[in-house]
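First up is the structure itself, then whatever we jot down about it.
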Amino acid sequence: MGSKVKTKMLKKPAKKKKTKIHIDSALCGADGKIDPRDCAKCLKACDPAVFIMHPALDLKFKDKYDPQRWTISPQWGSLCTRCLKCVEVCPENAITVKW
């Protein structure tokens, strides 16, 4: 008699939901209530360093590289641990995190 060969069914790895981080520029940033250079609390609270502060590139202004216009962007969202510390420390409630 022949031996029975067991075939192992490979399970597909569960898809990790992508973290989506949004910063409302009407509240924080070049056009917002607060200048991110004066605050930067989200940058300091984020352990994996998801955020980056950079000059705001804005084509509607005469000088699109105005050194007084800054913004914060979630540059490395895949590093987010979903601890929500950035949301907690933001004085303007400008940050939302979804997954």
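Those letters in the sequence shown? Residues 75 to 173, by my numbering. Glycine residues also receive a C-beta, built at the ideal position from the N, C-alpha and C atoms.
- Annotated as distal: Leu-84 and Glu-166, with beta-carbon spacing of 8 Å or more.
- Ile-169 is positioned such that its CB atom lies no closer than 8 Å to that of Ile-108.
- In terms of Cα proximity to Pro-122, the closest of Arg-111, Ala-114, His-128, Gly-151 is Gly-151.
- For the region 107–145, the continuous alpha helix (DSSP H) assignments of 4+ residues that do not extend past its boundaries occur at 115–119, in sequence order.
- Beta-bridge pairing by DSSP links Thr-170 to His-96.
- For Cys-160, the enclosing alpha helix (DSSP H) stretches over residues 159–163.
- Assignment of beta-bridge partners to Ser-147 by DSSP yields Ile-126.
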